[in-house]
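Sequence order for the protein chains is S, Z, D and W.
Everything in the first sequence is counted per our numbering, starting at 31 for the first residue and increasing by one.
Everything in the second sequence is counted per our numbering, starting at 31 for the first residue and increasing by one.
Everything in the third sequence is counted per our numbering, starting at 31 for the first residue and increasing by one.
Everything in the fourth sequence is counted per our numbering, starting at 31 for the first residue and increasing by one.
The beta-carbon is built from N, C-alpha and C at its ideal position, and this holds for glycine as well.
All figures in this text were calculated on a predicted structure; none of them were measured in a lab.
Following: one structure in C-alpha cells, then a few remarks.
There are 4 protein chains.
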Amino acid sequence: MKKVKVALLGATGMVGQNFLRMLASNPFFEVRNLIGYTSVGKKYGEAVEWIVSQNIPEEYIDKIVFESDPKKIDADIVFSALPGSAAYGVESQYSEAGFPVISNASAYRMEKDVPLIVPEINIDHLELIKIQKKNRKWKGFIVTNPNCSTIALVLALKPIHDLLKIKRVFVTTMQAVSGAGYPGVPSLKIIDNVIPFIEQEEEKIESETLKILGKFNGESIDYANIKISASCNRVPVIDGHMESVYIETEEKVNIEEVKDALRNFKGKPQELNLPTAPKEPIIVREEKDRPQPRMDRLSGSVPGMSIVVGRIRRGIDEKSLKFIVLGHNTIRGAAGSTILIGELMLKLGLIEV
Amino acid sequence: MKKVKVALLGATGMVGQNFLRMLASNPFFEVRNLIGYTSVGKKYGEAVEWIVSQNIPEEYIDKIVFESDPKKIDADIVFSALPGSAAYGVESQYSEAGFPVISNASAYRMEKDVPLIVPEINIDHLELIKIQKKNRKWKGFIVTNPNCSTIALVLALKPIHDLLKIKRVFVTTMQAVSGAGYPGVPSLKIIDNVIPFIEQEEEKIESETLKILGKFNGESIDYANIKISASCNRVPVIDGHMESVYIETEEKVNIEEVKDALRNFKGKPQELNLPTAPKEPIIVREEKDRPQPRMDRLSGSVPGMSIVVGRIRRGIDEKSLKFIVLGHNTIRGAAGSTILIGELMLKLGLIEV
Amino acid sequence: MKKVKVALLGATGMVGQNFLRMLASNPFFEVRNLIGYTSVGKKYGEAVEWIVSQNIPEEYIDKIVFESDPKKIDADIVFSALPGSAAYGVESQYSEAGFPVISNASAYRMEKDVPLIVPEINIDHLELIKIQKKNRKWKGFIVTNPNCSTIALVLALKPIHDLLKIKRVFVTTMQAVSGAGYPGVPSLKIIDNVIPFIEQEEEKIESETLKILGKFNGESIDYANIKISASCNRVPVIDGHMESVYIETEEKVNIEEVKDALRNFKGKPQELNLPTAPKEPIIVREEKDRPQPRMDRLSGSVPGMSIVVGRIRRGIDEKSLKFIVLGHNTIRGAAGSTILIGELMLKLGLIEV
Amino acid sequence: MKKVKVALLGATGMVGQNFLRMLASNPFFEVRNLIGYTSVGKKYGEAVEWIVSQNIPEEYIDKIVFESDPKKIDADIVFSALPGSAAYGVESQYSEAGFPVISNASAYRMEKDVPLIVPEINIDHLELIKIQKKNRKWKGFIVTNPNCSTIALVLALKPIHDLLKIKRVFVTTMQAVSGAGYPGVPSLKIIDNVIPFIEQEEEKIESETLKILGKFNGESIDYANIKISASCNRVPVIDGHMESVYIETEEKVNIEEVKDALRNFKGKPQELNLPTAPKEPIIVREEKDRPQPRMDRLSGSVPGMSIVVGRIRRGIDEKSLKFIVLGHNTIRGAAGSTILIGELMLKLGLIEV
C-alpha cells in the first residue's frame, strides 16, 4: 500500500512531537510537511526543543519547517497538533481548501456539525461530515479528537453505560504535567505539591463526554442524558492521567459483569486490526493498588493506547460503583487517538487518497 | 500555672516526634517520660532517627527512653503516638491503671464507649468517658483523635451540615507520604507516580466522620445520617492531605452562605483561646487554584492547625456543592489535634492534676 | 530610627518577590517604589504571580506598580532584582542619576571598578566605589551581590583559605529549581531527572570567587591565586543549592582546625549585629548525612542566611579536604545577601540618607 | 543451542527481579531455580512484591520459590542477587559444591583471588579463577560484578586511561533511589531533597575502580596507579546514576581524541556479539545538557547497557578534562552486567555445561 501523505500543523510543540514520534513507524502514513510558525525555513532538528523521547527520529532532523499555506502543502490529510487558541482560524483554512483535517485541538470539538470521535465508541458520528460540508461550504472537513482526560473517562464509561445505563458521574482527576504541554507547568509550582485547578478542563470533561456518548439523529448529536461533575488536579507525574470515578446507574451493579464488560469491550479499530489500535482498549487490573501512572501508563499491545481500570468496587448503594482509570494522556489522550481516527477513516474510505 | 506531666507512648516514631516537636514549646504540658520499645535505656537523641524538622529540641536529646510500665511513669496524662496495631493492648494498661489516655491511634476509635473527638466539633461526646469507666471498670480512660484525612474532611463538613443538612459525600483524597509514617512509602514507589490505595483509609473516613458528626444520646453516639464514599490516593507530596469533596444537601446551596459559615466557624478551643487552637479553624481562599499543599499546609495562627478550603462551587444541581480541602496531616491531622484535646480537657477540668 | 526609602527594580519577578518578603519586616528599610515593566499602573497584588510564600505581605497588595524612571522615584537606595540581561542598561540610569544601586544582577559583577561583595568577607572592596564614580562620572554608584552558588562556596572557602591557603577547588553543584527564577525550569524537564547544565553558571562560580577572595590594591582587585573548576547540575529540589567541594591546600590539613575555623568565622555584619546577619554565618554539622536541602536550608538565627557545611573529611592526600556545603539560593544566595549589603553600607555611613 | 540452566540467589529482592526481567528473554539462559529465603514453597507471583516493571514475566508467576541448598538445585550456573551481608556465607556454599557463581554482591569483590569483572575491560582477570580454586579448594568458583557507580565510571575511564594515562580522578555522584534496593530510600527523606551520603559507596568506587583497571601479574592483580576521590549523593531520580567526573592525566588532552576513544571503545562482548552486549558500550552526546537520567538511561541497542557521556571539556589545565557520565544502575550497573559476564564466560568456554 502506498503511504498516505501527511501535513502536520504545530509540528514543533510537544503534541506535535508526539505525533511525529508515533508517525515515524506508522505503516499508513508518511509525514511530508512539518508546519511550524516561528521557525519556518529552519531544519526541524534545529527548530525543535525535543522533549518527548531520547532522540528525534532520524527522518525528521533535516526536514525543513514549512510555512502554513494550504496552497503549498503536499498532503492527502492534515493532522493538527495546534493549541486550541491557534487552531480555530488555521484549521478552517485547510478544510475550506479541501483537506480532511483531523485535529487534537479543542477549537471545533463542541461545534454542532463537527464529529468528536473516540474510534472505539462513536464512528457513526462521522456522518456529521456531510452536514458540516454542506453547512460550511467546505470542500474538506474537520474531525476532532477529545480532551486527554475525557478520552480515558469515556472509554471506561462506554461499556458500563451500555450495560447499566449511567445516570451520574463524579470524577476527580490527578493529571500529569505533560498534559499542559511544554514548557507547561513550572517545576517551582509542582514539586512537593498538587495544583487543584486546570483551566477549562472540568468544562471539557463535563461536556465532551456527553457528546461522545450521544446519538446521531440524522442531523446532529443528541447528547447523552448523564450528569457529570469533574474536579481536576495537577500532580507531580510526568505522563498518565489518573481519574477517581464514582458512578450512579439505573440498573443494579454486578461488579463481575462490569469487569467482563470492560475486558471484552472492542470497537471497529480492533476489528480492522489497525496499526495503532491496541488489542485490548481496556485493561482491567485486580490488584488492590493498581493502576499507577509510572507502572501502567505504557500498557497494552500498542504501548499507551490501552486505558487501565482498577479498584472496581461498589459505591454507597447497589446502583453505584467506583474505580480508578488511567490513560496515557499524550498517547491515548492525544496523538495516538488522533492518528487512530485517521487510520480508521482511511480504512473506511472516508478519506480519498 | 504548674505544667502538667506527660508520658508519651511511641516517642521514637514519626508521630511521636511530631508530638515532641509541638510539646517542646507548649505552655500546659511538660514531657516527663519518653516511652519506647526497641530502645529502652538509650538516650533519646541516639535512639531516634529524627525526621520531622531540622533539629531535635534540645531538651529531649539526653532524656533516657523509658520502658512502658504504668507503675513506673511519672505523669498526669498519657499521650499515645502508637501505631494502631500496638495501641490496643498497651493503651488499656494505662487507662486501667488510672491514667487519662489521649490517643492518636486507631485502635479504640470506633468502640461504642470511646469518645472520638475533634475539639471544635463534638466535645459533648466526652460524656462517654463516664460510661466507658463504668463498662470497663477502669480508673482512667481513653479518648481518641480521628484519622488524619477524617479530621480535615469533618472540619469542613460540620459548618455545612449545620447550615444545609448533608445527605451524601463523595470524597477523593490525594494524601502526603508523611501520612504513612517512617519509613513509610518507599521512594521507588511514589516518585513520578500516584498510588490509588491506602490500607483501611477509606473505611476510616467513611465511618469516623459519621461518629464525629453524631449525637450523644445519653448512652452512646447516634451516628450522623450521611452516606459517605471515599477513594484514597497517595501522591508525591511531603506533608498536607488534599481532598476533593462533592456534597449533596437537603437544602438549596448558596455558595456565599457556605463560605461565611466556614469562615465564621469556631469552637470551644477558640473560645478558651487554647495554646494549640488556631484563631481560624477554617481558612477560605478565593483564588482559582488554591489551596495547594506546599503553599498552604502551614496556614493559620498556629501553623498547620487550620484547614484550608478553596474552589467552593456549585455541583450538578442546586442542592450540591464541591470544593477542595487541605489539612496538615501530621499537625491538625495527628499530634496537634491530640494535644488540643488534652488542652481542652484540662481547661474543662476533665483531667485531674 | 527613620526608615530608609527603597525603590525595588524588578519587583514582580521571583527574585523581586523574595526581596519584598524579606523587606516587609526589615527595621532599616521601607519599600516606596515597586518598579515593574509589563504591569506599570496595576496594583501589585494583581500584577504579580506570587510564588515565594503563602501570602503576599499585606502592605504591598494595593501598591501601584511604578514605571522605571530615576527622576520620579522617591528613594534613598535602589535594590535591583532585575535579570542580568535587563540590568545593564537600567541600573546605570539610576547610578548616573545619583542613586546608590545594590544589585543582585550579574551585569556589572565582573567590571573592574564595581565591588562584588559578600558582607562577611570583603567589605574593603567597597573602596572601589570612589574609583567607579570617578571613572564613570556617576553621582551614584553600583555595588553587586554574587551569584547564588558562588556565595555559598566562597563563604565556606574564606576561613579555609585564611587557614591553609587554597590552591585548587573542584566543585560539583546540585542546584534547586528556584535558582532559575519563575517560570524557570519546566516540570516536564526535571521530575525524575537531573540536568547537567546551567547556562553561564560554571563561568560565574569560577570567576566571581576569585574576585571576592581577591585583594584591593588601592586601584583595583588582585584576583586570588586559586584555580577553580565548577560543574553545575539542576536537581528536583525547590530551594537550597548543594555543592560537593574538593580542595587542595598549601598547608597540611587538620580537619578539627578546619571545623573550628568554619564555626568561628564572623564578619562585620555579626559585629554590628545587623538585622539580616545570622549569628553564625557558617553552621558545621557532624552527622554523616547532612546538610540536606529540605532539612537544613532554613538554618540559622536568620532563616536561610547561614550556610551549612557537613561531611568535612580528608581528600586524597594530607594537603586536601572535601565537604558538602548548602546555601539557601534565594535568601543567602540572592535577596538576603543583597539586603545585608545595604544594611552594612548604611551602618558604615556609605549611603547618605 | 540448548539453554544453560540457571539458579538465581535472592530472586524476590529488587536486584533479583531485574535479573528475572532480563533473563526472561535471554537466548542463552533458562531460569530453573528461584531461590528465596522468607518465602520458600510459595508461588513466586505471590511471594514477590514486583516493582521493576509493569508485570511479572508470565513464566515465573507459578514457579515455586526454592530453598537455598546446593545439593538440590538443578543448575549449570548460579547468579547471585543477594545483598552483600548475606552473600558471604551463601555464595561460598555453591562455589564449594562445584558451581560457577557469578555474583552482583559486594562480599567477595575485593578478595585477592576473586575476579571483579567488567566484560569490556578486564576479562584477563578471569585467570584468577584457577588461583581461587587452588587457594580455597573449591570445585566451583566465584566471579563478581562491580558496584553500580563503579561500572559506569570505569567504563568511561578505560579508553581515556589507555589514551592519556590517568593520574587522579575526582568524582561526585548523583545516584538514583533504585540503587538502594527495595524498600530502600523512604520517600519522606528524598522528595524535594538530596542526601549527601551513601553507606560504603565512596569506598567501593575508590577501591573497585583500581582493581578493575589493574593488571593480572600471573598471581594476583596489581592495582592501577590512580588516585580517586568520590563523593556520593542520592537524588530524587528513579533509575540512572549520574557522575560528575574531573580527571588529571599524564598526557595533554585533546578533546576530540577523547571523544573518538570513547565512541570507538569496544570489548570482547561486542566482538562476540553477545545477546546482552550493546553495540556501543559508550555513547557520546554533543548537546550541552545531556546526558540526563530520565531521557538517556535506556540508551543503546540493548536498552540500559550503554553508558552515556556528555559535556566532555577541558579542566583547569591542559592535562585535565571533565565530563558527565550516566549509567543505568540496575541494568548496566547490576543485573545486565552480571548476565553479560555469564554470557561471555559461556562463549569463552569458562563454564562447563
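Helix, strand or coil for residue i, going by three-state DSSP, please let me know.
| i | result |
| --- | --- |
| Gln322 (chain W) | coil |
| Ile235 (chain Z) | helix |
| Arg293 (chain D) | helix |
| Pro216 (chain W) | strand |
| Gln230 (chain Z) | coil |
| Gln205 (chain D) | strand |
| Phe129 (chain S) | coil |
| Leu146 (chain S) | strand |
| Val224 (chain W) | coil |
Measure the alpha-carbon distance for residue i versus residue j and round it to whole angstroms.
| i | j | result |
| --- | --- | --- |
| Thr360 (chain S) | Gly40 (chain S) | 15 Å |
| Pro323 (chain S) | Ile221 (chain Z) | 10 Å |
| Ala254 (chain D) | Ser367 (chain D) | 22 Å |
| Arg62 (chain W) | Ser115 (chain W) | 25 Å |
| Gly270 (chain S) | Leu380 (chain D) | 57 Å |
| Leu351 (chain D) | His191 (chain D) | 12 Å |
| Gly211 (chain S) | Ile312 (chain S) | 25 Å |
| Lys298 (chain W) | Val108 (chain W) | 22 Å |
| Glu317 (chain Z) | Phe227 (chain S) | 10 Å |
| Ser69 (chain W) | Asp326 (chain Z) | 45 Å |
| Met52 (chain W) | Lys35 (chain W) | 15 Å |
| Leu185 (chain W) | Glu60 (chain Z) | 59 Å |
| Thr202 (chain W) | Val283 (chain D) | 21 Å |
| Leu370 (chain W) | Ile242 (chain W) | 16 Å |
| Met375 (chain W) | Leu304 (chain W) | 11 Å |
| Pro113 (chain D) | Gln300 (chain W) | 50 Å |
| Val265 (chain W) | Val224 (chain Z) | 19 Å |
| Ile285 (chain Z) | Lys195 (chain S) | 31 Å |
| Gln205 (chain D) | Val215 (chain D) | 11 Å |
| Gly75 (chain D) | Gln47 (chain D) | 11 Å |
| Gly357 (chain W) | Ile268 (chain W) | 13 Å |
State the beta-bridge partners of residue i as determined by DSSP.
| i | result |
| --- | --- |
| Ala37 (chain S) | S:Asn63, S:Val108 |
| Gly357 (chain Z) | Z:His271 |
| Asp252 (chain S) | S:Lys245 |
| Arg327 (chain W) | Arg327 (chain W) pairs with nothing; no bridge assigned. |
Using 10 angstroms around the beta-carbon of residue i, count the other beta-carbons present and answer buried if the total reaches 16, otherwise exposed.
| i | result |
| --- | --- |
| Thr239 (chain Z) | buried |
| Asn294 (chain D) | exposed |
| Asn247 (chain Z) | exposed |
| Asp154 (chain D) | exposed |
| Tyr118 (chain W) | exposed |
| Gly128 (chain W) | exposed |
| Val383 (chain Z) | exposed |
| Asp347 (chain D) | exposed |
| Glu97 (chain Z) | exposed |
| Pro176 (chain S) | buried |
| Lys32 (chain Z) | exposed |
Does the stretch 217–236 of chain Z touch the stretch 249–269 of chain Z, meaning 3 or more C-beta pairs lie closer than 8 Å? Segment contact: the stretch 249–269 of chain Z against the stretch 217–236 of chain Z, three or more CB-CB distances shorter than 8 Å; contact assigned.
Taking 8 Å as the threshold, find out whether the stretch 336–351 of chain S comes into contact with the stretch 81–94 of chain S through three or more Cβ pairs. No: the two stretches stay apart, fewer than three of their Cβ pairs being nearer than 8 Å.
Do the stretch 139–147 of chain S and the stretch 157–166 of chain S touch if we need at least three Cβ pairs shorter than 8 Å? yes
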